[in-house]
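If you use the UniProt record's numbering, the sequence shown closes out at 388, no skipped numbers anywhere. Notes to accompany the following structure.
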Amino acid sequence: MAEVLNFEHNGITVNATESPEAMGGLGDNVIGLVGTAPKADPLIPRNAPFRINSFTTQGLLDPTGAESGTLYHAVYQILKVVKVPVYVVIVEEGTTPADTQNNVIGGVEPLTGRKLGLAALSGVPEDLTIIGAPGFTGTKAVASEFASFGKRIKARVVLDGKDASVADQVTYSKDLGGDDLGFDRCLLVHNMPAVYSKAAKKNVFLAPSSLAIAALAKVKQWESPGNQVTYAEDVSRVVEYNILDTSTEGDLLNRYGISYYARTVLGGFSLLGNRSITGKFISYVGLEDAISRKLVKAGQKAMAKNLTKSFMDQEVKRINDWLQTLVADETIPGGSVYLHPELNSVEKYKNGTWFIVIDYGRYAPNEHMVYQLNARDEIIEQFLEDVL
Numbered sequence: 001m002a003e004v005l006n007f008e009h010n011g012i013t014v015n016a017t018e019s020p021e022a023m024g025g026l027g028d029n030v031i032g033l034v035g036t037a038p039k040a041d042p043l044i045p046r047n048a049p050f051r052i053n054s055f056t057t058q059g060l061l062d063p064t065g066a067e068s069g070t071l072y073h074a075v076y077q078i079l080k081v082v083k084v085p086v087y088v089v090i091v092e093e094g095t096t097p098a099d100t101q102n103n104v105i106g107g108v109e110p111l112t113g114r115k116l117g118l119a120a121l122s123g124v125p126e127d128l129t130i131i132g133a134p135g136f137t138g139t140k141a142v143a144s145e146f147a148s149f150g151k152r153i154k155a156r157v158v159l160d161g162k163d164a165s166v167a168d169q170v171t172y173s174k175d176l177g178g179d180d181l182g183f184d185r186c187l188l189v190h191n192m193p194a195v196y197s198k199a200a201k202k203n204v205f206l207a208p209s210s211l212a213i214a215a216l217a218k219v220k221q222w223e224s225p226g227n228q229v230t231y232a233e234d235v236s237r238v239v240e241y242n243i244l245d246t247s248t249e250g251d252l253l254n255r256y257g258i259s260y261y262a263r264t265v266l267g268g269f270s271l272l273g274n275r276s277i278t279g280k281f282i283s284y285v286g287l288e289d290a291i292s293r294k295l296v297k298a299g300q301k302a303m304a305k306n307l308t309k310s311f312m313d314q315e316v317k318r319i320n321d322w323l324q325t326l327v328a329d330e331t332i333p334g335g336s337v338y339l340h341p342e343l344n345s346v347e348k349y350k351n352g353t354w355f356i357v358i359d360y361g362r363y364a365p366n367e368h369m370v371y372q373l374n375a376r377d378e379i380i381e382q383f384l385e386d387v388l
């Protein structure tokens, strides 16, 4: 007889499918620094990211014990506070400070295409959440480069303030750019902290951003670094601070998005400030970045799939289920996911474009507590009734 064309198989076929992968947590902090280490171990590459996660590898930044360069102390102070990966890009010290500054900014080598200085941080295999260059970001030129780079890779930036008076620091803050230039993710720090140096056998002053980077890395990305006690033993410029007084120098600095170190009732010097240069809570920036990075990674696997109803419903459900885990662990107070009712049109769909809306809330840091003291005669009356 002729072949039965509609015959498939006289037996059993088992097809197994997997439910969508869980999206997982938001991840931890990873730091990227650019700076100098003239006596670093020769095996550490220059102008290329080098991962440090212990005091052993940190010691390679200067095996001679001279503690030379800007990276040695910066990384040491971070590891004293929190154990997180720190990627460093070592640049050469130029013949002049301006030459060294240019090396920190870096760029792309024309002949080889090799990325130098700040640009080399783009080669880090992990997602950077904080970047900086203690000792070099106190000028508008360098600050602008770091703000732009931070915006591109979705990392917060810790900047050095100028070694200047409070009034001049406020003026400098006004001169820096706005949200569209990436400054909404920049934490600007005013005064230099002093820490003990074994090589110098005395306290030495570090760049303002040094201890602030450690404070920012110690907390979760959606939490404020403010009000943390630091290892600073002194500061280059004493800032007047009073938790009850709105007219102090410290209050003025915070009003213009500038953080600073000052003595508090907690003991020692604390980092005071919750906001970026533009006034946005730095914790809000960290949360947005963390959510964005997770969505990008999760979305990559779904690219090029047919936009069927079941696929679209599945993606919305997957993101919403993940969002509710953030609610459960108090990363956010609430949220929901749905397809945009207006932007999803026939023309957009035909072009392979669709819109998912993610509504979410944010926890604000405890920046201003108001205690209302009410003296009530009724309480005295009740007291007298009990006594008489």
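All C-beta atoms in this analysis are idealised placements derived from N, C-alpha and C, irrespective of residue type, glycine included.
| Check | Outcome |
| --- | --- |
| Beta-carbon separation (whole angstroms), residue 157 vs residue 120, contact threshold 8 angstroms | Contact doesn't hold; Cβ gap of about 16 angstroms is too wide. |
| Buried/exposed call for residue 194, threshold 16 Cβ in 10 Å | buried |
| Under the three-state DSSP convention, the category residue 203 falls into | strand |
| Residues of its chain near residue 151, where Cβ-Cβ distance is below 7 angstroms and the 5 sequence neighbours each way are ignored | 182 and 185 |
| Residue 132 in three-state terms, based on DSSP | strand |
| Residues that residue 36 bridges to, as DSSP identifies them | 91 |
| Contacting residues, own chain, Cβ-Cβ under 8 angstroms from residue 80 (five flanking each side not counted) | 214 and 231 |
| Length of the line joining the Cα atoms of residue 22 and residue 153 | 24 angstroms |
| Opposing strand residues paired with residue 193 [DSSP bridges] | 235 |
| Own chain, CB closer than 7 angstroms to residue 63, minus 5 neighbours either side, in chain order | 41 |
| Endpoints, beta strand (DSSP E) assigned at residue 338 | 335 to 339 |
| Cβ neighbour criterion (16 or more within 10 Å) applied to residue 343 | exposed |
| Continuous alpha helix (DSSP H) stretch holding residue 173: start and end | 166 to 175 |
| Given residue 222 as reference, the closest of 292, 317, 197 and 370 once Cα atoms are compared | 292 |
| Nearest to residue 130 (by Cα), restricted to the options 172, 70 and 209 | 209 |
| As assigned by DSSP and simplified to three states, the class of residue 277 | coil |
| N-terminal and C-terminal residue of the beta strand (DSSP E) that residue 51 is part of | 50 to 52 |
| Span of the beta strand (DSSP E) around residue 261 | 258 to 263 |
| CB contact flag (residue 274, residue 134, <7 angstroms) | no |
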